[in-house]
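To keep things clear, I will list the structure first and then write my remarks on it.
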Amino acid sequence: SRYYVLTRRPNGMPEKGVFELRNATLPELQAGEVRIRNRWLSVDPYMRGRMDGVRTYIEPFELEEPLEGGALGEVIESRHDDFTVGDRVIHMAGWRDTAQLPGDQVQPLPNHEVPEQAFLGVLGMPGMTAWLGLEHIAELKSSDRVLVSAASGAVGSLAAQLARLKGCDVIGTAGSTSKREWLEERGIRAVNHRQTAEALTRDLQQAAPDGIDVYYENVGGTMLEAALNVINPFGRIAVCGMIAHYNDTEPAPGPSNITHVLLRRLRMQGFIVLEHMEHYPRFVSEVGPRVERGEIDYEETVFEGLKQTPDAFLSLFEGGNTGKMLVRLEGS
Ligand code: NDP
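First residue of the sequence shown: 4, per UniProt numbering; consecutive thereafter.
Okay, here's the thing in structure tokens:
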């Protein structure tokens, strides 16, 4: 099996050298285990947090141990009653070509007529995050005007479309012209988030002269500062992520207007999707048919081959992806 390890803890934006490809012969399969040939690997922004040696809501990656992450593959050997050779499954033993793990850590794919890798994106963890943040955290109503940051990414692109389908007026932010065009084509007014808080505030005021009621936060920094300027009293903020800070090497300044949380009586709530997975069946039965019918669009950016996994991951921080960032393994 070929797998990636982290050789040292990165400081700031990781250098490619912190990732090293290793080779090992897998031990014989134990009772209850399955062996899986991975076909698709997911790389996600939260992985950056696990590269620091600190426990947050999740354990840090161990140095010199196989890295982990969402993956989809085909069972090639099974000593577990629920799985037979040929089954397609989802699990967390990513960053490698062959996974071997207990069958109770492996999930079969839900039954929907979509390309399998959608279960790592729009119908997987990122999709569930979008839906959960809107429905359960922000408690979205059709009368809300909604702002979604990083709205052409895996989470943001579904959050923006779900809010539109609910009848909300939606503004999405993205860092490139082509990403903003993608949003505009889907009835989402697009604003560039890669600018100063002042310029961003001005653009948001123009896009939403009456302010916003819900902010779906994926970015942080100047983006949050600008969102706080345009949010209405009693607004709700679902804090999903703050990617602009993941490579910070010192405490970030601002937002200088954080007191708006008080003055405007805002509700701002963070959430971790992994703590709400009991809602996954409801999410997939609600959103799955809408993806199958083409009511919801999703994009993918695919890097080819296991050796591209570090590049795919690092590219997330440069905005190299539209929609879900994936790695397709050889022969898949
Ligand atoms: P995306 O597909 O959105 O990829 C990341 C995107 O973020 C990039 O394409 C880029 O888009 C944008 N970005 C990167 N760096 C910056 C920066 N410095 N400033 C502004 N924008 C930046 O990733 P995901 O959809 O997987 O994740 C989106 C957010 O959701 C992340 O913050 C992630 O941590 C969070 N998340 C939280 C979960 C939870 O349980 N709370 C679960 C899953 C994800 P552009 O080119 O438009 O700038």
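For glycine and all other residues, C-beta sits at the position ideal for the given N, C-alpha and C. Please read all numbers here as calculations on a predicted model, not as lab measurements.
Within the present structure, is the beta-carbon of residue i separated from the nearest heavy atom of ligand 1 by less than 8 angstroms?
i: V158; result: yes
i: Y283; result: no
i: K144; result: no
i: N221; result: yes
i: R192; result: no
i: F320; result: yes
i: D300; result: no
i: H139; result: no
i: T176; result: yes
i: T196; result: Position check: residue 196 holds His in this sequence, whereas Thr was assumed. Flag set: Cβ of H196 near ligand 1.
i: C243; result: yes
i: I275; result: yes
i: G97; result: no
i: Q47; result: For the sequence presented, residue 47 should be read as Asp rather than Gln. Answer for D47: yes, Cβ within range of ligand 1.
i: M328; result: yes
i: M128; result: yes
i: I246; result: yes
i: G323; result: yes
i: T312; result: no
How is the beta strand (DSSP E) around residue i delimited, first residue to last?
i: P105; result: 101-105
i: A315; result: Careful: A315 lies outside any beta strand (DSSP E), inside the alpha helix (DSSP H) at 312-318.
i: E307; result: 303-307
i: residue 1; result: Because the chain in this structure spans residues 4 to 335, residue 1 falls outside the shown range and cannot be described.
So which of the options has the shortest CA-CA distance to residue i?
i: G76; options: D90, N235, D84; result: D90
i: V217; options: L104, P113, L231; result: L231
i: W43; options: G73, M54, L66, R51; result: G73
i: Y60; options: F320, E278, L161; result: E278
i: I174; options: G257, K182, S152, L161; result: S152
i: E71; options: G35, R58, L9; result: L9
i: I297; options: V88, V117, A200; result: Note that residue 297 corresponds to Gly in the displayed sequence, not to Ile. If we check each option's Cα against that of G297, V117 comes out closest.
i: D314; options: D300, I299, E295, R331; result: R331
i: D84; options: E65, D100, P111; result: P111
i: Q272; options: Y249, R239, A247; result: R239
i: D147; options: E188, G214, L66, A133; result: G214
i: K19; options: G323, E333, F316; result: F316
i: R205; options: I93, M226, Y219; result: M226
i: P254; options: G224, G136, V149, Y301; result: G224
In or out: residue i buried (at least 16 other Cβ within 10 Å) or exposed?
i: N221; result: buried
i: L329; result: buried
i: D107; result: exposed
i: M280; result: exposed
i: E228; result: buried
i: E142; result: exposed
i: G35; result: exposed
i: K327; result: buried
i: Q120; result: buried
i: Q209; result: exposed
i: K182; result: buried
i: M128; result: buried
i: V57; result: exposed
Hey, could you find the ends of the alpha helix (DSSP H) residue i is sitting in?
i: S160; result: 157-168
i: G52; result: 49-54
i: G130; result: 128-135
Go through the segment 187-217 residue by residue and report every complete run of the beta strand (DSSP E) that reaches 3 residues or more, in order.
You should have 192-195.
Note down, one range per segment and in chain order, each alpha helix (DSSP H) of at least 4 residues found wholly within the segment 213-288.
For the segment 213-288, the full-length alpha helix (DSSP H) segments reaching 4 residues or more read 225-233, 263-266 along the chain.
I'd like the ranges of any beta strand (DSSP E) spanning at least 3 consecutive residues and lying wholly in the segment 20-79.
Entirely contained in the segment 20-79, the beta strand (DSSP E) runs reaching 3 residues are, in chain order, 22-26, 36-45.
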